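Trainee: The structure under discussion is supplied below as structure tokens; questions concerning it will follow.
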Amino acid sequence: GGAAARPSHVLRGHSGRITCLGFSADGHLVATGSTDRTARVWAVRTGECVSVLQGHGGIVPEPLGGSRARG
């Protein structure tokens with residue numbers, strides 16, 4: 005063992021469970037989808053939410069493009 009990994013940012017904003025996450029091709033942005041029926045776009049370097057996409061009729065299943073993870 006080495007030192008424990010620590011998060012560089014905690015992304016706060018969704019009121020529901022995160023259902024997916026995807027990075028932009030250049031690695032500067034990350035998009036999250038949630039059971040709160042929103043998608044959010046975050047700046048990786050600062051952790052700032054730069055966009056909120058609202059009005060989805062259901063759970064956001066996955067953001068478009070880039071690498072993605074589901075959980």
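Read in order, the letters of the sequence shown correspond to residues 5 to 75 in the working numbering.
We put the CB at the ideal spot given by N, CA and C, even for glycine.
Everything numeric in this text was worked out from a predicted model, so none of it was measured.
1. Have a look at V14 and V48 and give me their C-alpha separation to the nearest angstrom.
2. At what residue ranges does the region 32-64 contain a whole run of the beta strand (DSSP E), taking only runs of 3 or more?
3. In terms of residue numbering, what span does the beta strand (DSSP E) encompassing G17 cover?
4. Whose C-beta lies closer than 6 Å to the C-beta of G75 among residues of the same chain, with five residues either side of it excluded?
5. Rounded C-beta distance between T36 and I22? I'm assuming under 8 Å.
Mentor: In short, the structure shows the following:
1. Looking up residue 14 in the sequence shown gives position 10. Looking up residue 48 in the sequence shown gives position 44. Distance between the alpha carbons of V14 and V48: 11 Å.
2. 33-38, 43-47, 53-57
3. Translated into the one-based positions of the sequence shown, residue 17 becomes position 13. No beta strand (DSSP E) contains G17, which DSSP labels as neither H nor E.
4. Counting from one through the sequence shown, the residue named residue 75 turns up at place 71. Low confidence applies to G75: its pLDDT is 48, below 50, so where it sits in the model is not reliable, and the reading given next is rough at best. Excluding sequence neighbours, G75 sits near nothing in its chain.
5. The count along the sequence shown starts at 1 and reaches residue 36 at position 32. The count along the sequence shown starts at 1 and reaches residue 22 at position 18. Confirmed, Cβ separation roughly 5 Å.
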